[in-house]
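The block underneath contains the structure these notes are about, expressed in structure tokens.
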Amino acid sequence: MEIILVLHNIRSVYNVGSILRSADGFGVNQVIYSGYTPTPLPHSHLLPHLAQKITDQIRKTALGAEQTLPSMYSDDLFKTLRHYRTIGYQILALENNLQDQTTYLLSDHDLPSRLSSRVVILLGEEVAGLSPDFFNAVDLFLEIPMFGRKESFNVSVATAILLFYLRTQVKQYITPSIF
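If you're matching positions, the sequence shown starts at 1111 in the working numbering and goes up one per residue.
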């Protein structure tokens, strides 16, 4: 399975770093930064001293994954998503509590049959989630079932749960070569 992660408007440098570390651990093929997500060098558009500070903060939780994962910055996320859909990727969004959208719980037994072997996972802002402007760009909304009193997981934790699910439950997964 080919997986591309899009980090759109993620606020916390530590969430970005944690997502990158999980992405590396689960063999994500590429990370795309967009919006106001703190972006490590060489993708940062900030002044050099600020870009280095952000990169150093991300590195605290990424532990080098910011350097090993293929990545890019998208100035036009709608265009980027259209491009990936055109070349055969399914656009997924990790969201919860959507009012007018159908979501699929990771616990749904038929979910693996709905997933493509090439996916783009769209992650939104920690509190507000994904902007409704992007809803039409999404093929499938995924949700992690919650059993406690809280309504959601931290975005980095939710990303790790989803990546684990994709790597262990989706049949198209091919074990990556170590070499």
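Every residue gets a Cβ at the ideal spot worked out from N, C-alpha and C, and that includes glycine.
I'd like the list of long-range same chain contacts for residue 1096, defined as Cβ closer than 8 Å, with 5 residues on each side in sequence excluded.
The chain is shown only over 1111 to 1289; residue 1096 falls outside these bounds and no answer can be derived.
Residue 1237 burial status per 10 Å Cβ neighbour count (16 or more: buried):
exposed
Alpha-carbon to alpha-carbon, residue 1128 and residue 1134:
10 Å
Take every Cβ of the segment 1134-1146, pair it with every Cβ of the segment 1158-1170, and state whether three or more of those distances are shorter than 8 Å.
no
Nearest residue (CA-CA) to residue 1142, options 1273, 1115, 1174
1115
Thinking C-alpha only, which one of 1220, 1248, 1179, 1121 is nearest residue 1205?
1248
Residue 1274 (DSSP reduced to helix, strand or coil)
helix
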